[in-house]
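Okay, structure first, notes after.
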Amino acid sequence: MDLRVALAGLSLKNPVMTASGTFGYGQEFTPYGDLRTLGGIVVKGLSLKPRAGNPMPRVAETPSGMLNAIGLQNCGVETFLKDKLPFLPWRETPILANLYACDPDEFAELASVLAAEEGVAGLEVNISCPNVKEGGVLFGQDPAQAARVTEAVKKRAGNKPVIVKLSPNVADIVAIAKAVEAAGADIISLINTLTGMAVDVRTRKPRLANVVGGLSGPAIKPVALRCVWQVSRAVTVPVIGMGGIASAMDVLEFILAGAHAVQVGTANFIRPDFSFRLVEQLPGVAREMGVTDLESFRGSLKTA
Amino acid sequence: MPIPYNRCKDVTVLSLTPHGPEGREHGLWLLELENPGLAKARPGQFAMLRPASWGFDPLWARPLSICRALPDRLVFNFLVAGRGTSALTRLSPGDKVTLWGPLGHGFAVEPGVRTLMLAGGIGIAPFVEYAAVHPTPGQLSLLFGHRPPLSCYPYEDLARTVGAESFQDRSAEDIPRFVELLEKRMAEHAGGLALACGPTPFLRSVKAAAEKYGVRCQISLENRMACGVGACLGCVAETPAGERVQTCTRGPVFWSNEITL
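Chains as they are written, first to last, in this note's numbering: chain A, -8 to 295; chain B, 285 to 545.
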């Protein structure tokens, strides 16, 4: 079965990508599978300068999910380009950089550095991180702000596709999606984590040092599916769905709801060979479900 | 020819027993799994374990220190500390567990160097393998601080091959006495090597004593982990320079001067 996906100029072997922040810089997963088999790899969110992230504890397990408040710890764009990117199989598999910055100018600067790199196939703009004080989700909660950041990145992205990653922590995700589409987004990816918290009655303390964090994992899949369904009907650009994908059937569910491709996140923590196994299992499950080609299957959800 | 990736292995539970006659009461367990080829595990390394029956809840695998890596089986000693380790106690022989490892860095093995092993509670587990594979076990000694009865732990396995002493902490007043003993043993090992594994307050005392007496010292951290492979950044430890490094891949064993506790 042909699993290839054309995505705003990107050619994916299959619709299974790995989500930012859940796959390190790729190298961490090499003992567990062949990176070249993946549809795409979105690396850990990058900022212009290295960031130390938030204090510990930063993660907490919740029923069928997890909370994280890592705070975008990363090595900075310079180290990424020098030490991490050369290792990645960028000639065979699209490598997407995920960008985080504190203001539109900084986003633009980061975009121009990354866009100049042959090994970077596209830019995913993170306007939806709930774990940082400056910028982060605030950009993603207001259509005008989201559009400003998208425009700033798009202007400096050269011919690289710009993906804007949306937050579910908004009243109207469609309004944000339309705003970033109008501002030049080539692809929309959704959803980032839902804001949540966990507390410990024994110690009477929050389980995260940051008090609140981002909820991810199978627990959030219904919210993610709803967002993908709503947004993919409202925009003309392709949509990448993510949020709790933990089986090949989940991949099909997201495509049925309108996604062109998916990103696997927290499941990479459930077991490190998860995404590789998913790529292997997808054709069989698709056949079993009577899916013969992804294009005609996409968005074919019967709601009436 | 496909590349032979070291995928996660599905292994069979051989046995699960409360460790020692009062083990069940104190939540200490001995788990034996089929060894999928982790013969090269170094003492102090760990594996991630996730029973196939878990579905998505608990979500994460649990990191357990490798107590013995024998050709026919892997042995783990663990303490019930929360939902995950509690769920591990419901395994039965024949059940399947998904496992990946060995992970992280183990303890330094320096043949011919007098080495003091400092274990707090279930932190004794990696020293069983350490003493078993050390080429000159006569150079090893163990100081073991514990709360449940000694019989709950794999202490006897160690006491057969190395000079071992134990200290049971029964009340708050015992803690300073134990720290005093720890300092005494550390002072006797000046110029040697000390290795420690146990709860964080214990490790803090070890680190302080090692610095006071100029003993080279390695400590094994037990930070909460999600992935075990360096990707989630949930388990970081802080270096004196303020850098945050992954305990799973840069540790779990660090030289004591490499991290802040």
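Heads up, the beta-carbon is just placed ideally off N, CA and C, and yes, glycines get one too.
Since the model is a prediction, treat every value here as computed from it, not as a measurement.
Ignoring anything shorter than 4 residues or poking outside the stretch 303 to 334 of chain B, list the alpha helix (DSSP H) runs there in chain order. 307 to 310
Reduced DSSP category for Leu434(B) - H, G, I as helix; E, B as strand; rest coil: helix
So, at 7 Å on beta carbons, what are the nonlocal neighbours of Leu3(A) in its own chain, with the 5 sequence-adjacent residues on each side left out? Arg(-5), Val(-4), Gly30, Gly31, Pro85, Ala252
Would Ser238(A) pass as an interface residue toward chain B - the criterion being a Cβ-Cβ separation below 8 Å? no
Kindly say whether Tyr301(A), judged by its beta-carbon, lies nearer than 8 Å to any beta-carbon of chain B. For residue 301(A) there is no data in the structure shown, the boundaries of chain A being -8 and 295.
Compare the Cα-Cα distances from Ile61(A) to each of Thr53(A), Gly12(A), Ser287(A) and report the closest residue. Gly12(A)
To which residues does DSSP link Arg346(B) through a beta bridge? Leu333(B)
Quickly, what does DSSP pair Thr399(B) with across the bridge? List them, please. Leu424(B), Leu477(B)
Hey, out of Gly388(B), Arg357(B), Cys292(B), whose CA is closest to Thr533(B)'s CA? Gly388(B)
Secondary structure of Ile118(A), DSSP reduced to three states: coil
Figure out for me which residue from Asn65(A), Glu172(A), Ser180(A) has the closest Cα to the Cα of Gly530(B). Per the sequence shown, residue 530(B) should be read as Gln rather than Gly. It is Asn65(A).
Ser2(A), enclosing beta strand (DSSP E) - first and last residue: 1 to 3
In the DSSP assignment, find the unbroken alpha helix (DSSP H) run with Met240(A) in it and report its ends. 239 to 247
Please list, in chain order, the chain A residues whose beta carbon lies closer than 8 Å to that of Leu363(B). Neighbours of Leu363(B) on chain A: none; closest Cβ ~17 Å, over 8 Å.
Counting C-beta neighbours from all protein chains within 10 Å, is the total for Ser455(B) 16 or more, i.e. buried, or is it exposed? exposed
Please name the residue or residues paired with Lys196(A) in a DSSP beta bridge. Asp191(A)
In whole angstroms, what is the alpha-carbon distance linking Ala392(B) and Gln329(B)? 11 Å
Are the beta-carbon atoms belonging to Val33(A) and Leu269(A) less than 8 Å from one another? no
Phe486(B) versus Gly404(B): straight-line alpha-carbon distance, rounded: 7 Å
What residue range does the alpha helix (DSSP H) around Cys532(B) cover? 531 to 534
Can you give me the Cβ contacts of Glu318(B) inside the same chain, cut-off strictly under 7 Å, excluding the 5 residues immediately before and after it? Val295, Thr296, Leu298, Arg357
Beta carbon of Phe98(A), beta carbon of Tyr16(A): below 8 Å? no
Spell out whether any CB of chain A is found under 8 Å from the CB atom of Pro342(B). yes
Determine the direct distance from the alpha carbon of Pro342(B) to that of Thr298(A), and round the result to whole angstroms. Residue 298(A) cannot be examined here, being either before or after the span of chain A that is shown, -8 to 295.
Pro386(B) (DSSP reduced to helix, strand or coil): strand
Evaluate Ala92(A) with the Cβ neighbour count: other Cβ atoms within 10 Å of its Cβ, from every protein chain shown; 16 or more gives buried, anything less gives exposed. buried
Chain B partners of Asp264(A), CB-CB under 7 Å? Arg291, Cys292
List, in chain order, every chain A residue whose beta-carbon is nearer than 8 Å to that of Val520(B). Gly44, Met47, Arg49, Gln64
If you follow the alpha helix (DSSP H) that Asn259(A) is part of, which residue opens it and which one closes it? 258 to 261
Please report the distance separating the alpha-carbon of Pro286(B) from that of Phe265(A). Per-residue confidence for Pro286(B) stands at a pLDDT of 46, beneath the threshold of 50, marking its modelled position as unreliable; the derived number appears in the next sentence. Pro286(B) and Phe265(A): Cα-Cα distance of roughly 18 Å.
Comparing C-alpha positions only, which one of Ala170(A), Gly149(A), Asn150(A) sits nearest to Leu157(A)? Ala170(A)
Assign Met8(A) to one of three DSSP states: helix, strand, or coil. strand
Arg278(A): first and last residue of the uninterrupted alpha helix (DSSP H) it sits in: 265 to 279
For Cys436(B), return the contacting residues in chain A, with the cut-off set at a CB-CB distance below 9 Å. None at all; the shortest Cβ gap to chain A is about 23 Å.
8 Å is my cut-off, CB to CB: does Glu244(A) come that close to chain B? no
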